[in-house]
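Protein chains in written order, with the working numbering: chain A, 7 to 125; chain B, 7 to 125; chain C, 7 to 125; chain D, 7 to 125; chain E, 7 to 125; chain F, 7 to 125.
For each residue, glycine too, the CB sits at the ideal point set by N, CA and C.
There are 6 protein chains.
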Amino acid sequence: MAHPLVAEFNAYRARMNERILASDSRVIKRIYSVDAQAYEPGALDAKTKELLGLATSLVLRCDDCVRYHIGEALKAGASEAELVETFEVATVVGGTIVIPHLRRAFEFLDASVSTPTSA
Amino acid sequence: MAHPLVAEFNAYRARMNERILASDSRVIKRIYSVDAQAYEPGALDAKTKELLGLATSLVLRCDDCVRYHIGEALKAGASEAELVETFEVATVVGGTIVIPHLRRAFEFLDASVSTPTSA
Amino acid sequence: MAHPLVAEFNAYRARMNERILASDSRVIKRIYSVDAQAYEPGALDAKTKELLGLATSLVLRCDDCVRYHIGEALKAGASEAELVETFEVATVVGGTIVIPHLRRAFEFLDASVSTPTSA
Amino acid sequence: MAHPLVAEFNAYRARMNERILASDSRVIKRIYSVDAQAYEPGALDAKTKELLGLATSLVLRCDDCVRYHIGEALKAGASEAELVETFEVATVVGGTIVIPHLRRAFEFLDASVSTPTSA
Amino acid sequence: MAHPLVAEFNAYRARMNERILASDSRVIKRIYSVDAQAYEPGALDAKTKELLGLATSLVLRCDDCVRYHIGEALKAGASEAELVETFEVATVVGGTIVIPHLRRAFEFLDASVSTPTSA
Amino acid sequence: MAHPLVAEFNAYRARMNERILASDSRVIKRIYSVDAQAYEPGALDAKTKELLGLATSLVLRCDDCVRYHIGEALKAGASEAELVETFEVATVVGGTIVIPHLRRAFEFLDASVSTPTSA
């Protein structure tokens, strides 16, 4: 059972992706498809690719992208220490302007790894 | 013996870094120092961190940063296939606006791995 | 009768624009004025100019700007298909980092074209 | 007694900064430290440095950074006229894409200087 | 016979695109393909789509992208007045930071439309 | 007699500004005019405004804008120490991605303050 912050993010994302793909835009469908392909394991494994996605999302300061890649990196087996070191590189590269996004990244990370208690 | 493209880049970078550090700005010196620290191996190895630096530089479209991290990633043992997959993630994340920088990245990569012939 | 998402956006925008113009900043007033002028029909018609405003807002990932230009483009006679093709170009240019903004753009578009039922 | 908008911003910022520093990331701690150092008075006084922080935050369109530097600039003695002229330069440099952030900046400024009534 | 500025740009672009596609990256090939598709005429004609590409390139301040879309817009029948109005919207949206890129855009536009004299 | 780096920058800038204004775009002329107005002394003096222009140019990583504002800040009486502290804030805010631009900024600053020897 996901933390409300995580559940709400995932629900909105799923609902609107469905809406977008229902627009029958072939261009956007192909962007979604090549996006998925770019993160498939190859010379680099899935975890490393997710960390690349996470670091680039942080320096571009896209909170939703950061949230998504935190979730995918955790699924691909990234440890909290690996996520924090990814945050470190991104904050050094992107500067203090990244820090507000780092706050939300830590909040989402904590929500993602929290052990849900029974309701 | 480095390719002229690589040699020129390294020479300018070294010369101006020396100039900057000669300005006696404690803030800038500390930024240089924390920059170095962020790429030291920890939970993630040096190669992965350089790839994070490379991907973030590409999406932020900083040619000089891309060149620097291509060099460091190669030194840290990254293969050409790993560099290309890093380019892939960055181009998907950052869009076609990244492509002109990708051209210069490939040019610098080729210059970096070219076997220098005797002069 | 506007959808709540649209009504709330318009109300906040109108209220704060009024506040800003009340600050008696001649520079900001002139920026507002040249902004209006740039979208007046000339060699390009008003619809095309709004689509330019929309595409640039999307790649710069400014949700409020996207919302504003969706509204203006619809008023200028843009069809949903034309808006979607504008989204396509912007997403190709700007990359997957644009996608979260695309979700909100589609949501606002749907809210803008929804037939309000009687209250 | 702070306006709710200001109080909520400060509380979230303080809570998450505490969380981030608890992660024991030496790199991030050093970024926080050099950040503080950059705004210490030197050849430029504290107020001018805060206005530099404010202007750069505006053109980079980071609402939380803008809020933070409005607060610090006020503490350092900046007048409302000085803040508005800083907004002017930032909006000219950054374009109309800055305007939605300007709306929120004025809202936060008004909340920051509002005379709290007795509770 | 193209102006040297145009010829050099096109030659480098063609040579490096060939190099990139020779890397056998399926992801990058697909990005090139969806890029081409996004500018195909549909609800919007080719000229309008090129102007969207031009405006987004200007606000993202990518000189090479600007050059490419100036060339494509001219081929698609855009007049100089239409290009200038596209520049206007982009400069209003993106601010004075766009102006250095506008200088190079006008220079490339002039080089593109110059009547080549016999050699 | 200006250093070649400075002279070349100023000459290209002047020539292309003349070309742009010759395009008879009322929108662009007004942007140039409001740009000039924003830097006129008011509550903040001219030097402080130029430093705001410099810092925002650095974080937006616009080399030509940085060069222009270095020149204007020097004319307005800014000391080298004040320029360096402005660089410090901008580099902290914008991150290491700013450093390549800082190299060129220092190079241009040195060229600007060099005592020209007789030719």
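Within the 7 Å Cβ cut-off, does residue i reach chain B?
i, result
"C/Ile105", "no"
"A/Val119", "no"
"D/Ala44", "yes"
Does the distance from the CB of residue i to the CB of residue j come in under 7 Å?
i, j, result
"E/Cys82", "E/His9", "The question names Cys, but residue 82 of chain E in the sequence shown is Ala. Contact: no."
"E/Leu64", "E/Val104", "yes"
"C/Asp30", "D/Pro106", "no"
"E/Glu94", "F/Val72", "no"
"E/Leu108", "E/Ile76", "no"
"A/Ile37", "C/Thr97", "yes"
"D/Lys53", "D/Ala84", "yes"
Mind checking if residue i is an interface residue toward chain C, Cβ cutoff 7 Å exclusive?
i, result
"E/Thr62", "yes"
"A/Val33", "yes"
"E/Leu58", "yes"
"E/Lys53", "no"
Run down chain E in chain order and give the residues with a C-beta less than 7 Å from the C-beta of residue i.
i, result
"D/Thr92", "Going along chain E, no residue has its Cβ under 7 Å from D/Thr92, so there is no contact; the nearest lies around 15 Å."
"C/Ala49", "Ser85, Ala87, Glu88, Glu91"
To the nearest angstrom, how far is it from the Cα of residue i to the Cα of residue j?
i, j, result
"D/Met7", "A/Glu56", "44 Å"
"D/Thr102", "F/Pro47", "23 Å"
"C/Ala13", "C/Tyr74", "12 Å"
"D/Asp41", "D/Leu60", "14 Å"
"F/Ala28", "C/Thr62", "26 Å"
"A/Leu89", "B/Leu89", "21 Å"
"C/Phe112", "A/Phe15", "17 Å"
"B/Val119", "E/Glu24", "18 Å"
"D/Thr92", "E/Val99", "19 Å"
"A/Ser39", "B/Ser39", "40 Å"
"E/Leu66", "B/Cys68", "13 Å"
"E/Glu78", "E/Arg110", "16 Å"
"B/Met22", "E/Ala44", "42 Å"
"D/Tyr18", "D/Leu80", "20 Å"
"C/Leu87", "F/Lys35", "Checking the sequence, you will find Ala at residue 87 of chain C rather than Leu. Spanning the two alpha carbons is a distance of roughly 35 Å."
"F/Leu58", "C/Leu58", "29 Å"
"D/Leu11", "F/Leu11", "49 Å"
Within 7 Å of any Cβ in chain E, is that where the Cβ of residue i sits?
i, result
"F/Leu89", "no"
"C/Leu80", "no"
"F/Arg73", "no"
Is there a Cβ from chain F that is less than 7 Å from the Cβ of residue i?
i, result
"A/Arg110", "no"
"E/Thr97", "yes"
Give a yes or no on whether the minimum CB-CB distance between residue i and chain D is below 7 Å.
i, result
"C/Met7", "no"
"C/Leu66", "yes"
"C/Asp116", "no"
What does residue i touch in chain C if you count any residue whose Cβ is under 8 Å from its own?
i, result
"F/Ile37", "Val40"
Residues of chain F with a CB under 9 Å from the CB of residue i: which are they?
i, result
"D/Ser29", "Near D/Ser29 there are no residues of chain F at all, since even the closest Cβ is about 19 Å away, more than 9 Å."
Under 8 Å between beta-carbons, which chain A residues line up against residue i? List them in chain order, please.
i, result
"F/Thr102", "Val98, Val99, Gly101"
Would you please verify whether the beta carbon of residue i is less than 7 Å from any beta carbon of chain A?
i, result
"D/Ile26", "yes"
Note down, in chain order, every chain F residue with its Cβ under 7 Å from the Cβ of residue i.
i, result
"E/Glu14", "By Cβ distance, chain F contributes nothing, its closest Cβ being about 17 Å from E/Glu14, past 7 Å."
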